[in-house]
Structures are given as C-alpha cells and as structure tokens.
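Each residue of the sequence shown is one higher than the one before, starting from 0 at the first, in numbering that gives the first Met the number 0.
Even glycine gets a Cβ: it sits at the ideal position worked out from N, Cα and C.
Below is one structure, written out as structure tokens, with a few remarks after it.
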Amino acid sequence: MSVFQVDFAEPFFSIDYVENEADYRVTKKSMVINLAEREQRDIGLSGERFIVPLKAAVVQDMVVTDLVRAFIVKDYERCDLDDPKTVDAIKKSWKLLYDVSGIERHKGLPYYKSPKFCIGEGSGRMELNFCYVDKGGVPSGPHRDHDRDFDEVHAQIRGYGMMRVYEREDNVHIHQELNMAPGTVHDKMYDSKGMYPWHEYKSVTPCVYCPIEIDR
Ligand SMILES: [Fe+2]
Numbered sequence: 000m001s002v003f004q005v006d007f008a009e010p011f012f013s014i015d016y017v018e019n020e021a022d023y024r025v026t027k028k029s030m031v032i033n034l035a036e037r038e039q040r041d042i043g044l045s046g047e048r049f050i051v052p053l054k055a056a057v058v059q060d061m062v063v064t065d066l067v068r069a070f071i072v073k074d075y076e077r078c079d080l081d082d083p084k085t086v087d088a089i090k091k092s093w094k095l096l097y098d099v100s101g102i103e104r105h106k107g108l109p110y111y112k113s114p115k116f117c118i119g120e121g122s123g124r125m126e127l128n129f130c131y132v133d134k135g136g137v138p139s140g141p142h143r144d145h146d147r148d149f150d151e152v153h154a155q156i157r158g159y160g161m162m163r164v165y166e167r168e169d170n171v172h173i174h175q176e177l178n179m180a181p182g183t184v185h186d187k188m189y190d191s192k193g194m195y196p197w198h199e200y201k202s203v204t205p206c207v208y209c210p211i212e213i214d215r
C-alpha cells in the first residue's frame, strides 16, 4: 500500500502515484487516471460509478476506492497555460520532442516533453510523461511503429487535443478523430497482437497530454 509523490512534471503538476490503496481522499478538483490495465481493476467512485482501466475522471471532495494502480494529478487546473510565465518556464524545463526522439518527422514541432516516469520491469512495465504543445492545430506526424513494443494511450490533462487514426499513411483517408478534453483517455487503437493503425496526436488548442506506454 503506497502513495508516492512523483516529481517528473513538477513544479507545473503535482502527481501522486498510488498502488494498492483501499481509498484515497481527493480534496481539490483533481484528475484520477486508472493505470490498472494489466490487473483489470476498476476504481470506485462513490459506490455506484467506476473508472475502468485506462480511463480517467475529474473528481473533487470525494473518497475514491480500490486503487490498484493510479495517477492522481492534483489540482491540475493550477497549471495555467494562459499565463506566459508558466508557458515560458515549461519550455525552459522540458525538452523539445525532436531533441528527445531524434525522429525526422518531429523536427520543428512545438511539442515539449517532461522527463519520464517509469515503473516496474519486464511485461507490464510502464512509462509515462507529460507533453506540452505550444500551439493548437499541430499534428505530431502519422506513425504505426514505436521504438518499443508497448500498448499506448494518451490522457488529456489541459486544453484540447485529439488522436487521429488513419486508414492509410497519406492522412487524407481519416478513419477516426478521437477528441479529447481534460480527463479523457482515448479508446485503445492497438489490436490483441499490439499492431497499430496509422495514428498521430494533434493539438486542438495549446495543451498538455500524458502518453501512457505499457510494455508487452
Ligand atoms: Fe503512437
């Protein structure tokens, strides 16, 4: 039973990583992300409602229950993306996506990555980070393969974004646009073998989102 304060997104976001807690009291408006995908355990909200694995909810003044594995982004609206000082500080402290990935399609994109938070080993190991996008309407580049074999979803934290799923690489034949507001985690795109369609994140407004990667 543990509650760890994790600092990878500090000072902009205060996050608790919670494992095997029967209950957790949320006071200020916070985002609860259920990470118990491998365990397939729901988080309880006031007895009758649940957060299923790889989904999130925004809650306030409530005790949530049965947290096998969860992120609590505490008072997440404290990070004000309309404040130029905050935005400037994020850009100085997080790294440009291209500088992290070295992938050609990331060159020049106004995507900034926080350090990563990693937990566990082997199958089920998780990597999470926060990503700030400085402009709305900027696609991150269609792809189907990743640098590792993992199950991937994204949680929207601040602002608005979408996951675009393509029938083909040309991104003209769009299959789905999965819109995301704060507290939304888009539906899974990968199949049972871990194969992905062409997909990309696209900002709608300046925003912060959280990629969640779970090793197969
Ligand atoms: Fe991806």
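Candidates the options: closest to residue i by CA position
i	options	result
residue 132	210, 59, 37	210
residue 122	147, 136, 130	147
residue 2	24, 10, 145, 9	24
residue 200	213, 214, 135	135
residue 44	58, 34, 36, 70	58
residue 32	20, 0, 16, 26	16
residue 9	42, 91, 18	91
residue 89	34, 20, 7, 142	7
residue 212	21, 110, 124	124
Helix, strand or coil at residue i according to DSSP, with G and I counted as helix
i	result
residue 299	It is not possible to answer for residue 299, since the shown part of the chain is limited to 0 through 215.
residue 159	coil
residue 105	helix
residue 166	coil
residue 176	strand
residue 214	strand
Where the alpha helix (DSSP H) containing residue i begins and where it ends
i	result
residue 96	96-100
Close Cβ partners of residue i (< 7 angstroms) along its chain, the five nearest in sequence each way excluded
i	result
residue 12	72, 75, 78, 129
residue 108	96, 97, 137, 139
residue 112	93, 94, 96, 99, 128, 130
residue 180	155, 159
residue 27	59, 73, 74
residue 174	164, 165, 166, 196
residue 50	31, 33, 41, 42, 44, 56
8 angstroms contact criterion, which residue i and residue j should meet: CB distance rounded
i	j	result
residue 207	residue 157	4 angstroms
residue 205	residue 80	5 angstroms
Residue interval of the beta strand (DSSP E) (run including residue i)
i	result
residue 29	29-33
residue 88	Unbroken run through residue 88 is the alpha helix (DSSP H), 83-92; no beta strand (DSSP E).
residue 112	110-112
residue 44	42-44
residue 16	13-25
residue 65	61-73
residue 48	48-50
residue 131	130-132
residue 145	Run containing residue 145: none; DSSP gives neither H nor E here.
residue 78	Careful: residue 78 lies outside any beta strand (DSSP E) and carries neither H nor E.
residue 39	Element bounds for residue 39: n/a, residue is neither H nor E.
residue 8	Neither: residue 8 is in no beta strand (DSSP E) and is coded neither H nor E.
Proximal residues to residue i (C-beta, below 8 angstroms), its chain only, five neighbours per side dropped
i	result
residue 38	52, 67, 68
residue 177	161, 162, 163, 164, 185, 186
residue 85	11, 78, 79
residue 189	150, 151, 195
residue 29	57, 58, 59, 71, 72, 73, 74, 75
residue 198	141, 142, 143, 162, 163, 164, 165, 188
Close-in-space but distant-in-sequence residues of the same chain around residue i (CB under 6 angstroms, 5 per side omitted)
i	result
residue 117	126
residue 5	14, 16, 116
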